[in-house]
Every structure is written in structure tokens, then in C-alpha cells.
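Residue numbers (our numbering): 843 to 1413.
In C-alpha cells form, the structure reads like this:
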């Protein structure tokens, strides 16, 4: 089905590849000439990576994967960004710009990969270099195809470079998509050298095996998933830190030196892979600025600067919040913070004074919270907690407390109020040297595959056929995530190892890592768990929401748009 909608023609994918080469005089050189040189082809391969930065670590990517799940709902400022993604209401439809944007980005990435595969033989490369590049690009094509079909289902599969617009398209089944995906992954494994496990964000053979392990789990090939995940652990040398906070510490934010990272989208060192899109058509509708940075540190931070008289302001330790996602009440209560490091390693609940304390602000603390001691730098200004707190205690504790009943309705546990104050996800904090806190992006890498996932793949894949081995991997992970001295309490027994427990565990482990929506839909648990844990979305979500609407602009560009049709349930 080697066709593509008009909007995804050479004007986008082909021209965007040329935009990548900003130093090139476009009036004097054609793509056929440019990409026939090793230097030009190198830039073409780099462009294949670039479109990943429109999905991983970006607001629209978080909207598609974290928002409206059992773990996260809409936060306050999101009312002006992507509320439809969290509520599944009538606004979640084919006219939304974010769907057109992501469709365009992922299909442009796919077409760039197709161009690189088609042009490899004519690029003047030696055999080893050609195999390296082709191994990388086959992996990237598999990844783009995976994201496309998991977001939109049975849509357009094409594997040849498109150099001119076409106006018709045909649907391809998801089964056919995955046939091509696994073919590309296997070709990547065959071509890439086996002696390189990390390559500064470039694809390696072990990364290709990690992708195949994940997708074998998606396709319920459990034996192969478990075998590959174990191979990845053995060959990569990836291991778990003793402290969960270390995994995401800014000191370990570079994938090349992170002990758990297997493969990542590079935002830190390899600048040629951190392309700024020059084409104004490739602009994130939720942000509208540079796409070069990683937004993970910002996406689930509360509006601390709006707390009355808080004496908390923007520093590199608080950073400017991008109030997009807030955890559901039920998700917070899947953590047992008395034994599990990951609650404190994921969330910030305590906010300290870092701004001048005026006499009026101090008087506010005295009157409202019974403060008797001076209010100084580093003192607690306010806290956010997942439990209900006695009102009388709040009046005497010396500082403000946003408790569960301030944030979630005491009966329904829907979010209430402005949705600006909540337990915030800070595991990706970037307080590196030289930052002011006002930066709306980070240079920390986005970890796509980590060692923890391989253990969880094995646990899920083998929980029925080999529960002993499954339990070994689950308990290994949980012991490493235990608070020191609580390892025994973190262990579980075989009868506790269910798919819901695994989903809870994946939720605790992968908050903000853009896997949640896909995990829920692949296990058939999307509607069930959203209805159970996310009351804001419960009344609207339906089974058809497991795939997203095809952008109406793409259908309108087709002469056979009615025949192609919209995805079920959308208009």
C-alpha cells in the first residue's frame, strides 16, 4: 500500500530533509546529487532521527500517551491546551490540530527513512558504513510504523520514498503493519554490529532487540518477548541503580553514562540529532516554539507560584511549571511510600521558601496556619499530600497543606477547583548548573528503553508459563526499588502476580515515560482502568477511543476520502 495522502507528499517529507541541511545552497544542488555523497547521506540519516523529537518528550506526545489514562488527568493550564485528550468528550475529534500535527510528523519521519533506505546504494559508502546506517534506519522505520499504527490503527503503510503528491490511499491492517515492523527490526539486528551497546543515541543492535522484545509483548508472542528481554539484559550490561532517584538524577541524564539506559532519544550531546525544524508547518500546536528540547521536567508540575503568599518562585530547583498533567487520586494510592522509593522518587510534595519573606506574608502564615516561628529561607511553605488531613491540624501546622480533599472531590475523587495545586511529577527535574528555571525545555535525554522494562517484560511474558522465573524478575525489580530495609515487604508471591498488578507496577515505574496509553490498550484494560481510576474521564471513554481520529484535513485531501473512511466512533 505504497501511497500517502497529499499532505504527506514530497513538499513535507522531502523538503524537510533538505531543510535539515541549513548550510546547503538549495539553488545549486539537488537532493539526488546531495544524497549521493557520504556527507550528504550522513545528514539524511540524521534527519531520520529528527522527527522522533516531535513525539518523545513533547506536549503532544504526553497528551497521546499519558493524559486521560488511569494515571494522569488534565491539570489546570491544560484547559487551554489539550483538554479533549483527558476527557474523551466531543472535542476529541478529527478537526483537532494536534492529530494533524502528529500524523504529519510521524509520516514525514517514515518517508525520510524510506528515502534513506532507497538511496543507500548510491551514496558512495563503504560496506561497513552502509550497513551501519541501514541498520539504524530500518530500526527507525519500524519505530515510526509502530507509533503510527498504535495511534491510528489500520491506516497507510508505505515503504517507498514518495517524491510527489498522490490523492488516493488505501488502508492496511495492523497485522500487515507488524509484518513490516518485525521485518525491519530483524534487518536492523542483522546489519548492526554486535559489539556496540551504546552509541550516543544512535541505534545499536541491542536497542533493536529491546524494541523487538517490547513489540513481541504487544503481539502476545510471550516466549520470544521473554527471551529477547533476557538477551538485552545480558548483552547490554544495563543494571538497576540502588536508588530510584539516581536513575533520573540530572547527573545521570545522559543516556551514554546512565546505568539503566539501553537506548534513548538524544537531547544532550549529539547536536546533529537534535534538529530544530525550520519548516513552520512542523510546529507543536501545544507549544509553538522550538522542538529541540525535552519537556519531561515541566509537564506535570503544579502552579506553585499561584499559591497565596507562598514565598516560592522560579529557580532551577523548582523550574517554571508546564501545568499539563496531574496524577489521579487512585494512581497516587497505588504507591506505598512507606516501603517503595518510587513515590518520593517520582513526586514532589514539599515546597520550600526561596523568595523574600515580607512582613505581610509572614502575618498570613501566622493568621492562617498558627505559625509561631520565623519564616525563613528553606522552611516549608506548603505541601501537597494524597491523604485527607484534619482541618484543625491544618490551622496549627505552620504552613499550607493541599490535601486530597482540596484537590479531589471527597466522594467521587474527580479533580475540583482550578486543578493548579496537586502532587507534582518531578522525577525528571533538571536543576543542572547554569539553568535559571525559566527554560521551557531540558537537554536531558529521553530514555526509550531501560533495564527495568526488560525485567517487567519477562515478568509479564512468563507469569502463566513460568511463574517462578516471572516472579524472580518482578521481585528483583521491587527489591531494588525498596526503601533500605524494606526489601522483604516489597516482595510479592506468585498469586499476586496478575496483569493488574503488573500494570500497577508499570505505572509506578514508568510515570511520564510515554508508555501508559499503549500499555492499557495492548492489555485490553484501557476502558476498565480509566473507568475505575480516572473519574474525570470515566463517563465518556469508550472502546473506540483505543485509536485516535484520522485528521479530517488528510481525508479531505483524498479523492477517495469517503471510501477510506474515518476511524470508528469519530466524525
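For glycine and all other residues, C-beta sits at the position ideal for the given N, C-alpha and C. Bear in mind that the values here come from a model prediction, so they are computed numbers and not experimental data.
Would you tell me roughly how many angstroms separate the C-alpha atoms of residue i and residue j, rounded to the nearest one?
i	j	result
residue 918	residue 1165	6 Å
residue 1001	residue 892	19 Å
residue 1061	residue 1305	16 Å
residue 1374	residue 1406	35 Å
residue 1353	residue 1188	8 Å
residue 949	residue 934	21 Å
residue 1121	residue 1042	Unreliable positioning characterises residue 1121 in this predicted model, as indicated by a pLDDT of 38, which lies under 50. The coordinate reading is nonetheless provided below. Whole-angstrom Cα-Cα distance: 26 Å.
residue 1235	residue 1155	26 Å
residue 942	residue 1337	45 Å
residue 1227	residue 1191	6 Å
residue 1183	residue 874	54 Å
residue 1323	residue 1021	37 Å
residue 1296	residue 1211	48 Å
residue 910	residue 964	47 Å
residue 1168	residue 1246	13 Å
residue 972	residue 962	7 Å
residue 1386	residue 1409	8 Å
residue 1105	residue 1381	38 Å
residue 1253	residue 1259	15 Å
residue 1293	residue 1017	28 Å
residue 858	residue 1003	Because residue 858 sits at a pLDDT of 40, beneath the cut-off of 50, its placement in the model cannot be relied upon, and the following sentence gives the value as read from the coordinates. Computed Cα separation, rounded: 13 Å.
residue 1396	residue 994	13 Å
residue 1326	residue 1275	30 Å
residue 1289	residue 1107	6 Å
residue 952	residue 938	22 Å
residue 1074	residue 887	25 Å
residue 1007	residue 1054	33 Å
residue 1313	residue 1339	7 Å
residue 1045	residue 877	21 Å
residue 1344	residue 1059	13 Å
residue 1248	residue 1366	33 Å
residue 929	residue 1356	18 Å
residue 1065	residue 985	22 Å
residue 1205	residue 1368	48 Å
residue 880	residue 1308	49 Å
Pop quiz: residue i and residue j are said to be a contact at Cβ under 8 Å. What is the actual Cβ separation, rounded to whole angstroms?
i	j	result
residue 1110	residue 1096	5 Å
residue 1334	residue 1350	Not confirmed; about 13 Å, so no contact.
residue 1038	residue 1077	So it is not a contact: roughly 10 Å between Cβ atoms.
residue 916	residue 1261	7 Å
residue 883	residue 967	7 Å
residue 1050	residue 1299	Residue 1050 to residue 1299, Cβ: 15 Å. No contact.
residue 1052	residue 1291	4 Å
residue 1359	residue 907	5 Å
residue 1346	residue 1176	5 Å
Using a beta-carbon distance below 9 Å, is residue i in contact with chain B?
i	result
residue 952	You won't find chain B in this structure, because it holds only one protein chain.
Out of the options, which has the shortest C-alpha to C-alpha gap to residue i?
i	options	result
residue 1390	874, 944, 1077 and 1289	944
residue 1032	970, 1072 and 1288	970
residue 793	913, 1340 and 956	It is not possible to answer for residue 793, since the shown part of the chain is limited to 843 through 1413.
residue 1400	930, 903, 1013 and 881	1013
residue 996	1056, 1008, 1015 and 984	1015
residue 1209	1219, 931, 1086 and 1240	1240
residue 1403	931, 914, 1148 and 998	998
residue 1317	1251, 1301 and 1135	1301
residue 1364	1019, 1046, 1383 and 1056	1056
residue 932	1005, 1398, 1357 and 1383	1383
residue 1150	1263, 1372, 954 and 974	1263
residue 1341	1356, 1371 and 1328	1371
residue 926	1036, 1379, 1023 and 1362	1379
Within a Cβ cutoff of 8 Å, which residues of the same chain sit near residue i, ignoring the five residues on either side of it in sequence?
i	result
residue 1153	1195, 1196, 1197, 1198, 1199, 1203, 1217 and 1223
residue 1139	1161, 1268, 1270, 1271, 1272, 1284 and 1286
residue 1099	none
residue 1159	1196, 1271, 1273 and 1279
residue 947	893, 896, 897 and 1124
residue 1225	1191, 1192, 1193, 1241, 1242, 1243 and 1244
residue 936	1391, 1392, 1393, 1394, 1397, 1408, 1412 and 1413
Within the same chain, show all residues whose beta-carbon is closer than 6 Å to that of residue i, passing over the 5 residues directly before and after it, in chain order.
i	result
residue 1331	1181
residue 1411	1386
residue 1087	1187
residue 1157	1196 and 1279
Any chance the CB of residue i is under 8 Å from a heavy atom of the ligand PLP?
i	result
residue 1171	This structure lacks the ligand PLP; in fact it carries no ligand of any kind.
Sorted by chain position, which residues of the same chain lie with C-beta nearer than 7 Å to residue i's C-beta, five sequence neighbours on each side aside?
i	result
residue 1101	1080, 1081 and 1083
residue 913	1169, 1170, 1173, 1349, 1353 and 1358
residue 1231	1243 and 1245
residue 903	897 and 1356
Quiz item: Per the contact definition of three or more C-beta pairs closer than 8 Å, is the region 984 to 996 in contact with the region 893 to 906?
Solution: Short answer: they touch.
Quiz item: Do the region 1022 to 1042 and the region 971 to 980 touch if we need at least three Cβ pairs shorter than 8 Å?
Solution: With the cut-off at 8 Å, the region 1022 to 1042 and the region 971 to 980 touch.
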